[in-house]
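Residue numbers (the UniProt record's numbering), protein chains in the order written: chain A, 1 to 268; chain B, 1 to 280; chain C, 1 to 357.
Note that the Cβ used here is the ideal one computed from N, Cα and C, for glycine as well.
This structure is a prediction, so every number in the text was calculated from the model and none was measured.
Some notes on the structure that comes next.
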Amino acid sequence: MKKYNAFFAIPYFLWLVFFVLAPVILIVGYSFFDSNGNFTLQNYATYFASGKYLAMTFNSVLYAFLITLLTLVISYPTAYFLTKLKHRDLWLLLIILPTWINMLLKAYAFIGIFSLHGGINRFMTFFGLAPHQILFTDVGFMIVATYIQLPFMIMPIFTGLEELNPSLIKASRDLGANAFQTFAKVVFPLSLAGVKSGIQAVFIPSLSFFMLTRLIGGNRVITLGTAIEEHFLVTQDWGMGATIGVVLIVAMFIVMIITGEKKKGGRN
Amino acid sequence: MEKKHNFSWDKLYLAVVFVFLYVPIVYLLAYSFNKGDTMNSFTGFSMRHFAELFSDTRLIVILLETFMLAFLSALIATAVGTFGALSIYYVKKRQQRMALLSLNNILMVSPDVIIGASFLILFTTIGSLVGGIGLGFWTVLLSHVAFSIPIVVLMVLPKLQEMNESMVSAAYDLGANNFQVLKDIILPFLTPGIIAGYFMAFTYSLDDFAVTFFVTGNGFTTLAVEIYSRARRGVSLEINALSTLVFLFALVLVVGYYYISKDNKSKKKSERRQKGGVMR
Amino acid sequence: MKKLRALVIGIVLIIVVLIAGSKILSQSSGMSGAKVINIYNWGDYIDPELISEFEKKTGYKVNYETFDSNEAMLTKIKQGGTSYDLAVPSDYMIQKMKKAHLLKPLDKSKIKGLNNISSQFLNQPFDRNNRYSVPYFWGTLGVVYNDKYFKESDVDSWNKLWNKKFRGKIMFVDGAREFMGIGLASLGYSLNSKNDRELDQAYNKLKSLTGNAKAIVSDEIKMYMENEESSVAVTYSGEASEMLAENRHLHYVLPSEGTNLWFDNIVIPKTSKNTKGTYAFINFMLEPKNAAKNAEYIGYATPNEKARKYLPKDVIDDKQFYPSKSLMKKMEVYEDLGSRYIEKYNDLYLELKMYRH
Chain A
1 MKKYNAFFAI PYFLWLVFFV LAPVILIVGY SFFDSNGNFT LQNYATYFAS
51 GKYLAMTFNS VLYAFLITLL TLVISYPTAY FLTKLKHRDL WLLLIILPTW
101 INMLLKAYAF IGIFSLHGGI NRFMTFFGLA PHQILFTDVG FMIVATYIQL
151 PFMIMPIFTG LEELNPSLIK ASRDLGANAF QTFAKVVFPL SLAGVKSGIQ
201 AVFIPSLSFF MLTRLIGGNR VITLGTAIEE HFLVTQDWGM GATIGVVLIV
251 AMFIVMIITG EKKKGGRN
Chain B
1 MEKKHNFSWD KLYLAVVFVF LYVPIVYLLA YSFNKGDTMN SFTGFSMRHF
51 AELFSDTRLI VILLETFMLA FLSALIATAV GTFGALSIYY VKKRQQRMAL
101 LSLNNILMVS PDVIIGASFL ILFTTIGSLV GGIGLGFWTV LLSHVAFSIP
151 IVVLMVLPKL QEMNESMVSA AYDLGANNFQ VLKDIILPFL TPGIIAGYFM
201 AFTYSLDDFA VTFFVTGNGF TTLAVEIYSR ARRGVSLEIN ALSTLVFLFA
251 LVLVVGYYYI SKDNKSKKKS ERRQKGGVMR
Chain C
1 MKKLRALVIG IVLIIVVLIA GSKILSQSSG MSGAKVINIY NWGDYIDPEL
51 ISEFEKKTGY KVNYETFDSN EAMLTKIKQG GTSYDLAVPS DYMIQKMKKA
101 HLLKPLDKSK IKGLNNISSQ FLNQPFDRNN RYSVPYFWGT LGVVYNDKYF
151 KESDVDSWNK LWNKKFRGKI MFVDGAREFM GIGLASLGYS LNSKNDRELD
201 QAYNKLKSLT GNAKAIVSDE IKMYMENEES SVAVTYSGEA SEMLAENRHL
251 HYVLPSEGTN LWFDNIVIPK TSKNTKGTYA FINFMLEPKN AAKNAEYIGY
301 ATPNEKARKY LPKDVIDDKQ FYPSKSLMKK MEVYEDLGSR YIEKYNDLYL
351 ELKMYRH
């Protein structure tokens, strides 16, 4: 397999060099310059010394963690039940379909649904409950973020579960395991690779949300994404923005180490 | 007995998830038939936003180009990413493998603005060195391929890890060469992951605004850039009408594709079964 | 493998059909062989009919590209890659681009109709003698309120926004200059203050205003005010005029302390290649009839004095959108503050946004 692989992987490695390494070098480079183009460590000093950025980092990690957890909790059963359906590929496609509608439009739809005179509150007043402020709250933000990320979690878990050999489950049942034991000892461990992919695909991008924090969070939720956006586009202080970018890359490495393959290794 | 009972709960759960996923979509689509100009209240049924849309050739051209870009960039990204996943998988040392995978994921963690800005610098630097590279369709295509590759790798890799290595070595033992092993054993096994990767890449491409904004130029625009830059003046219901068309078209395509492929599959399966019987 | 191959073939077919489709459509709609002018503008910020009229009249083909913020546009123009012939930045950005040598001075001899523009919108501090820019639209920053909940006297001054009855009710437009500006104006300071003491004073005063904020958003304010999710908002006159058109309970007020006066002007970036086409377009947009048509489509106030006679009378007589000269005297245009103070404004603003947490 070796030689063959190397040939076909050339585009991939070219991509790594030009579109990953080059930009990373650029970002790291920028993080050592101030907005006047002088070399400085000030950006990192600012980041670690000001409570502002640390608080923001904490917020981002917390929100990303909660969003990932919520998506995982909803997605796992969804993916699991989907694999049992007759037309499962079709249903999976139908899960992806909503992602083809522009995110800004979906956010506007949620604004309409969540607003004081919107669908949910009308529903609640119908049952005699007072209208609630959902927009610009943490709950509202989490719901929409989860909504956006859901397909990205369901998909990998589904592909992980799909080819699960039915004979394994049958064997486990034949050996006297109950449904729960079968799930815990056979199904879940085998689906773990998909779950990890899902977590990586959801947690990491969730760290840098910025559109939703403004649209649904009304800027009451401030994350690192908001700060980067501001530094790159408003103050044009690319150095500070790049510094936060470097922090995000480091955070990603940590996530990778936590969710990565354990000592056993993917293959023997 | 117990099984049947379980089954209905499964379906109820799925139904709830689907309702959650489709409520905002239905909301958007419904308003494209609004007589009024905003999504604030439904004042009556009208098709006028569709009429507006059809007379706006600029928007339709953008729509077609956006989808062409998504189909094409996802195709290239899937090809590159699949072989990337293979080469990551075949790296012997665990540490190196992890390092490669982390590199792979960098573009997923970087906020779009940073990716967009650094790609812009990359392209204009190359452009000033080599010359003749103006921003436009090709730079956008390259960028979309670039930021879609990691998700493809992430979708394909779990499948690879599930793959039975003994199957591959058995094929070698039977005298198959590299190409045959890849074609007949590995790729068919990876197909669900590859398709998942393609769809994710497609989605990324359709949804991207920030990166495209930075690397585009010379008149090339995508739907997302157009929609976001219209936000200052308020997104008109013409865009809702456009979404309705896109959504219905995608729905027909998906369901149609599914039944066509289903038909072929079941035909082939029965054929194979017959042949198999004879051969055995 | 069969399944994959079939998929790939299918996808390639779709791509070919899409390419063909877009080629046919773009050929039927425009003259792709003609000379092109590249226009860089805010999304949906020109009447599309004017573009096709211009194309028909002059034979040029217009490439209309869009941006969603001044700063994003600056990055693109600075970095090159496309030779934009025209762009429409706002006031302070024009000053910044001028300083960065990104603009070509206007050749006044080639411009016809600059005298159609009312003199009060010419010769502004960000571009003296209009060496680089031609006014496109202008407006103010003010307060929109819903008369079901509040009356005009509740919001006719910035200082009144601190009133306890607005707790958790006001929507603010998302911008460091705008939010800090409210604090500065309420204290009687300049909106372009570069005085640290004044800025800190404004910051401390604004801390107590954050409790009255319902949310800090941008373009969505329009939607929220129209559907009465919110009853008070600080926003631009352009957006306000659109809200007022949708909901008759809404009104726009200019605070008595004075406020920001903004401009979006047409400029010619250094990268421009098609000089003739560029000036043809500027002259086309300066024609009173076209300016009026554009203003009617966009809903913003036009600086073109002679265009006013083509506009409905109730629009022109609206004192909130075409304010009196004495009120305009109190208004201030944003100036480019230089990187140090831009950062200062934004840092203070970010801290104010996080203040409640």
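Beta-ladder partner(s) of residue i, from DSSP
{"i": "residue 381 (chain C)", "result": "Any property of residue 381 (chain C) remains undetermined from this structure, which presents chain C solely from 1 to 357."}
{"i": "L103 (chain C)", "result": "C:P269"}
{"i": "M171 (chain C)", "result": "C:A215 and C:A233"}
{"i": "E238 (chain B)", "result": "For E238 (chain B), which the question treats as bridged, DSSP gives no partner whatsoever."}
{"i": "V144 (chain C)", "result": "C:A233 and C:Y252"}
{"i": "P312 (chain C)", "result": "According to DSSP, which records beta bridges pairwise, P312 (chain C) is partnered with nothing at all."}
{"i": "T66 (chain C)", "result": "C:N41"}
{"i": "A87 (chain C)", "result": "C:Y40 and C:V267"}
Distance between residue j and residue i (C-alpha atoms, nearest Å)
{"i": "residue 359 (chain C)", "j": "A233 (chain C)", "result": "The structure shown does not extend to residue 359 (chain C), since chain C is modelled only from 1 to 357, so the question has no answer here."}
{"i": "S118 (chain B)", "j": "Y228 (chain B)", "result": "21 Å"}
{"i": "V144 (chain A)", "j": "M211 (chain A)", "result": "11 Å"}
{"i": "L82 (chain A)", "j": "L100 (chain B)", "result": "32 Å"}
{"i": "M153 (chain A)", "j": "V202 (chain A)", "result": "7 Å"}
{"i": "N105 (chain B)", "j": "P150 (chain B)", "result": "6 Å"}
{"i": "V36 (chain C)", "j": "A87 (chain C)", "result": "15 Å"}
{"i": "S339 (chain C)", "j": "Y132 (chain C)", "result": "22 Å"}
{"i": "D37 (chain B)", "j": "S236 (chain B)", "result": "7 Å"}
{"i": "L244 (chain C)", "j": "A74 (chain B)", "result": "44 Å"}
{"i": "F179 (chain B)", "j": "N164 (chain B)", "result": "18 Å"}
{"i": "Y76 (chain A)", "j": "G81 (chain C)", "result": "46 Å"}
{"i": "K313 (chain C)", "j": "A292 (chain C)", "result": "12 Å"}
{"i": "F209 (chain B)", "j": "T221 (chain B)", "result": "10 Å"}
{"i": "L251 (chain B)", "j": "L245 (chain B)", "result": "10 Å"}
{"i": "L286 (chain C)", "j": "G277 (chain C)", "result": "14 Å"}
{"i": "N115 (chain C)", "j": "E305 (chain C)", "result": "9 Å"}
{"i": "L261 (chain C)", "j": "P125 (chain C)", "result": "12 Å"}
{"i": "W158 (chain C)", "j": "L184 (chain C)", "result": "10 Å"}
{"i": "L248 (chain A)", "j": "L26 (chain A)", "result": "15 Å"}
Cβ-based neighbour list, residue i, same chain, cut-off 7 Å, excluding 5 preceding and 5 following
{"i": "F232 (chain A)", "result": "W238 and G241"}
{"i": "I46 (chain C)", "result": "N294"}
{"i": "F33 (chain A)", "result": "F39, T40 and G239"}
{"i": "V62 (chain C)", "result": "I37, I39, I51, F54 and E55"}
{"i": "Y204 (chain B)", "result": "F147, S148 and I151"}
Neighbourhood of residue i by C-beta, 6 Å cutoff - its chain only, sequence neighbours within 5 removed
{"i": "F54 (chain C)", "result": "F284"}
{"i": "Y89 (chain B)", "result": "L160"}
{"i": "Y136 (chain C)", "result": "V88, D264, N265 and I266"}
{"i": "E65 (chain C)", "result": "Y40"}
{"i": "L116 (chain A)", "result": "P131"}
Spatial neighbours of residue i in its chain, beta-carbon cut-off 8 Å, leaving aside the 5 residues before and after
{"i": "K3 (chain C)", "result": "none"}
{"i": "S237 (chain C)", "result": "G139, T140, L141, G142, Y252, Y300, A301, Q320 and F321"}
{"i": "L107 (chain B)", "result": "I115, A146, F147, I149 and P150"}
{"i": "P158 (chain B)", "result": "G193"}
{"i": "T159 (chain A)", "result": "G194"}
Nearest-angstrom Cβ-Cβ length linking residue i and residue j, presumed shorter than 8 Å
{"i": "I157 (chain A)", "j": "S191 (chain A)", "result": "6 Å"}
{"i": "A215 (chain C)", "j": "Y349 (chain C)", "result": "Actually they are not in contact, since the Cβ atoms of A215 (chain C) and Y349 (chain C) sit about 15 Å apart, beyond 8 Å."}
{"i": "S90 (chain C)", "j": "N70 (chain C)", "result": "5 Å"}
{"i": "S87 (chain B)", "j": "A9 (chain A)", "result": "4 Å"}
{"i": "N204 (chain C)", "j": "R167 (chain C)", "result": "Incorrect: roughly 19 Å between the Cβ atoms, too far for contact."}
{"i": "S186 (chain C)", "j": "E257 (chain C)", "result": "6 Å"}
{"i": "L103 (chain C)", "j": "M97 (chain C)", "result": "5 Å"}
{"i": "S31 (chain A)", "j": "T235 (chain A)", "result": "That belief does not hold up - the Cβ atoms of S31 (chain A) and T235 (chain A) are roughly 15 Å apart, past 8 Å."}
{"i": "M155 (chain A)", "j": "S102 (chain B)", "result": "The Cβ separation is near 21 Å, so there is no contact."}
{"i": "N192 (chain C)", "j": "E335 (chain C)", "result": "5 Å"}
Any chain E beta carbon closer than 8 Å to residue i
{"i": "Y13 (chain B)", "result": "Among the chains of the structure shown, chain E does not appear; the protein chains present are A, B and C."}
Validate contact between the segment 211-224 of chain C and the segment 168-186 of chain C using beta carbons, cut 8 Å, 3 pairs: They touch, by the three-pair rule.
Does the structure place the segment 111-128 of chain A close enough to the segment 17-29 of chain B that three or more beta carbon pairs sit under 8 Å? Judged by Cβ distances under 8 Å, the segment 17-29 of chain B makes contact with the segment 111-128 of chain A, as three or more pairs qualify.
For the structure I just gave you, are there three or more beta carbon pairs, one from the segment 271-280 of chain C and one from the segment 197-207 of chain C, closer than 8 Å? Output reads no: the segment 197-207 of chain C does not touch the segment 271-280 of chain C.
Are at least three pairs of beta-carbons, each pair with one atom in the segment 16-26 of chain C and one in the segment 55-75 of chain B, less than 8 Å apart? Cβ pair count under 8 Å is three or more, so yes.
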